[in-house]
Each structure stands twice: as structure tokens, then as C-alpha cells.
Amino acid sequence: MADVALPCPWRYPSLDMARTLLPLIAAAVMLMPEPSSACTTFCTQDSSRPIIGKSYDWHIGQGLVFFNKRHVAKRALALKGKPATWTSKYASLTFNQYGRELPNGGMNEKGLVVEIMWLDSSTYPRVDHRPTINELQWIQYQLDNYQSLADVVRHARELVVAPITARVHYLVCDRRARCGAFEYVDGRLVISQGKKLPAPVLTNHTYVESLRHLESGRRPKSRGSLDRFVIAARATAKTSGDPIKAAFSVLDRVRNSDYSKWNIVYDPSRLQVHFRSLGHDRIKFIDLHRFDRSCATPAKMLDINVDIRGDVYSHFKDYSAARNLELVR
24 MADVALPCPW
34 RYPSLDMART
44 LLPLIAAAVM
54 LMPEPSSACT
64 TFCTQDSSRP
74 IIGKSYDWHI
84 GQGLVFFNKR
94 HVAKRALALK
104 GKPATWTSKY
114 ASLTFNQYGR
124 ELPNGGMNEK
134 GLVVEIMWLD
144 SSTYPRVDHR
154 PTINELQWIQ
164 YQLDNYQSLA
174 DVVRHARELV
184 VAPITARVHY
194 LVCDRRARCG
204 AFEYVDGRLV
214 ISQGKKLPAP
224 VLTNHTYVES
234 LRHLESGRRP
244 KSRGSLDRFV
254 IAARATAKTS
264 GDPIKAAFSV
274 LDRVRNSDYS
284 KWNIVYDPSR
294 LQVHFRSLGH
304 DRIKFIDLHR
314 FDRSCATPAK
324 MLDINVDIRG
334 DVYSHFKDYS
344 AARNLELVR
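Numbering (the working numbering), first residue to last: 24 to 352.
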């Protein structure tokens, strides 16, 4: 079916759904204890076929995988300021724990990958005349609108992140192995890329602090944030053999006990995603080429903890608002 040329005649989320979801999402995140260390993201340093790996380390492991459509008109869920509005240009696959349109990470049809990590020291700018967006929907906005790191860098300061509660930073990588760290330090957006990002890794300290620890030459002695940065940086510089297996091997090395709930491996050059979850260790596989990207058909969803192996395309179901609300509650 051909893609429609104009936005779909409906919006997500609706005002009624926004009023329902926002208090639930805010409460869910605020009730979580803050982790002392959580999450690792890296990109293997092979420009011919970059592989991005993510260990999602958190207190809860439930979640939904969404295939999001092109040409959908959206409005940000924001507590402050004027909510951003946009229409999605690109389809994407996202991993969500707090409901549809509020992803913890994902990849779009152009091979752009955006992942989130906790950063306790984040200090966000004050809301001003620019449109606002919350800290999770920032991910969906980038996947909906841009196809490269350069695009994200060019437009990143057009929005203000008005967080619901979490303090985070992001690693953004594209299919040409160009990566950048996006962080809010002392109330301003700091972007590390190119020569300022010699190791494409992010954990739970600022990139500058992490790089300083790596360059000190200290031997990792824990699974704390700085040591995980060193482990991942050194491991991704030496990968060989099957790149997917190599990425999962790195994820094993940065594993943070049972806090490591999801392991996700993105292959942007082939538009494929491999993943596993705690207690469901068989590796699942998704090929983005198989999905209808037009919004003439429903968005698709899958329980991240489905206990099967291999290609899970046939297990995706049509989007259900009731199932989405069940996840949030």
C-alpha cells in the first residue's frame, strides 16, 4: 500500500488520553528509587557495519516494542511551556516502558538510533519561547524527524526538554557510525561528537568525566558507571567475527546483575534489531523492512518478554490502547 502524502486524520495522543497517561507516567517514574548505576550504550568502531548495543538496567523489566508509522500528527506530553507539535516523517521501532510515544530507545527506517541513560547530574535549561518536550518523547521526536547525527545536532537546540522527573542523557548514532552524546550540563545542552567523542560509549557520568577515567588507564574493578564505560570502550575497539554475537558479548561484560533487564543490539545498515530480556534469554530478531510503514494500517506492538526465539514479526499485534494503558498502570 502506498504511503499517504498528508498527515493521517487523527492525532496521538488525544487530549483525553494525555490527561489519563501523564499523571500515571509521572507517578510511575517518581516512585522508582534512583539507581546508583544504570544502563550502558555503545557503538562498535567498524564504519562499514556499525552495531549499537544497549543494556537497559532498571528495577522493572516489563515493556512493549512498537512499530511506529510515518505521517502521524503528534503533540508532546509536557508539564511546562508550549508543547511541541510535529508530523512523523519516518517509521521507527522503539522499546517502551512507560507507554506508546514515550520510548526508552529505538531505531528509525533510516538507521538512526537514539538511546537513553540515567545522568544524575543533569541540569535542564529554563523553559522559554521554544517548544517543550519531555525527556522520553525527545527520543521519539528525533526518530520521527531525522535520518543522521548531523540532522539531530543541527536541530537539537530548537526544543527545550522539560522533564517529567528523570535526569538523563542520550547517545545518538547513525548508519555511518557517526555518534554523539547529548547532555544537559549547568543548564545548557552539551553535544560531544567527532574528535570530542573518541570512544562511542555512554554510561551514567558525563562524557567528559567518563573519557577522563578511560584515559587514566585504570583497570576496571566494578560494574559502576565509569568502569563500565572503560570495559565497553576497550571491548568495542577490538570486536571480530560475527558483529551481532560480538555485541552481545560486550553486553555480557557490562552486565549489572539482575538490574540488566533488556539487551538490545541494533544493526542500522541492515535495519535489523536483535534483543533478549531477563528470564527470556533466547535472542529475538526484527527486520524493519517487513512492516507496512504507512499510517493507513495500525501501529504494531509486541511484549518485550515474549518467550520465543528468532524472527518475531508474526507475533506483533495491532496497537491496543487498553494494552498500552495496562503497561503504564
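Ideal Cβ placement from N, Cα and C applies to all residues, glycine included.
Inset, instruction - In the DSSP assignment, find the unbroken beta strand (DSSP E) run with THR64 in it and report its ends. - result: What you label residue 64 is simply residue 41 of the sequence shown in a count that begins at 1. THR64 -> beta strand (DSSP E) spans 63-66.
Legend entry - Secondary structure of GLY76, DSSP reduced to three states: Here residue 76 corresponds to residue number 53 of the sequence shown, with the count starting at 1. Strand, per DSSP.
Inset, instruction - Kindly list the residues whose CB is nearer than 8 angstroms to the CB of THR359, restricted to its own chain and excluding five residues on each side of it in sequence; keep chain order. - result: The structure shown does not extend to residue 359, since the chain is modelled only from 24 to 352, so the question has no answer here.
Inset, instruction - State yes or no: is the beta carbon of GLY128 nearer than 8 angstroms to at least one beta carbon in chain B? - result: The chain labelled as chain B is not found in the depicted structure, where only one protein chain is given.
Legend entry - Counted within 10 angstroms of its Cβ, other Cβ atoms place ILE83 as buried (16 or more) or exposed: Stepping through the sequence shown from its first residue, residue 83 is reached at position 60. Burial call: exposed.
Inset, instruction - Grab the span of the alpha helix (DSSP H) containing ILE254 for me, first residue to last. - result: As a working mapping, residue 254 is identified with position 231 in the sequence shown. Element bounds for ILE254: 248-259.
Legend entry - Cβ neighbour criterion (16 or more within 10 Å) applied to GLN85: Taking the sequence shown and counting its residues from 1, the one referred to as residue 85 is at position 62. The residue in question, GLN85, is exposed, as its Cβ has fewer than 16 Cβ neighbours within 10 Å.
Inset, instruction - Hey, could you find the ends of the alpha helix (DSSP H) HIS236 is sitting in? - result: As a first step, residue 236 is located in the sequence shown; it is residue number 213 there, counting from the start. Taken as a continuous stretch (DSSP letters only), the alpha helix (DSSP H) holding HIS236 covers 230-238.
Inset, instruction - Using the Cα positions of ASP209 and ARG149, report the straight-line distance between them to the nearest angstrom. - result: Within the sequence shown, numbered from 1, the residue matching residue 209 stands at position 186. Within the sequence shown, numbered from 1, the residue matching residue 149 stands at position 126. In a straight line, the C-alpha of ASP209 is about 11 angstroms away from that of ARG149.
Legend entry - Closest Cα partner of GLU132 within the set VAL277, GLY302, VAL296, TYR121: Within the sequence shown, numbered from 1, the residue matching residue 132 stands at position 109. Nearest option by C-alpha distance: VAL296.
Legend entry - Under 8 angstroms between C-beta atoms of PHE65 and VAL273: Translated into positions along the sequence shown, residue 65 becomes position 42. Translated into positions along the sequence shown, residue 273 becomes position 250. Going by C-beta atoms, PHE65 is nearer than 8 angstroms to VAL273.
Inset, instruction - Please work out which residues of its chain come closer than 7 angstroms, Cβ to Cβ, to LEU237, disregarding the five sequence neighbours upstream and downstream, and give them in chain order. - result: Here residue 237 corresponds to residue number 214 of the sequence shown, with the count starting at 1. The residues are ALA222, PHE252, VAL253, ALA256.
Inset, instruction - Specify, as a first and last residue, the run of the beta strand (DSSP E) that GLU138 falls within. - result: In the sequence shown, counting from the first residue as 1, residue 138 sits at position 115. Its beta strand (DSSP E) spans residues 136-141.
Inset, instruction - Kindly indicate the opening and closing residues of the beta strand (DSSP E) around LYS307. - result: Position 284 of the sequence shown holds residue 307. Segment 303-310, the beta strand (DSSP E) holding LYS307.
Inset, instruction - Would you tell me roughly how many angstroms separate the C-alpha atoms of LYS97 and GLY122, rounded to the nearest one? - result: For the purposes of this step, residue 97 is identified with residue 74 of the sequence shown, where counting begins at 1. For the purposes of this step, residue 122 is identified with residue 99 of the sequence shown, where counting begins at 1. When rounded, the distance between both Cα atoms is 15 angstroms.
Inset, instruction - Examine the Cβ distances between the stretch 125-141 and the stretch 211-219 and report whether three or more of them are shorter than 8 angstroms. - result: no
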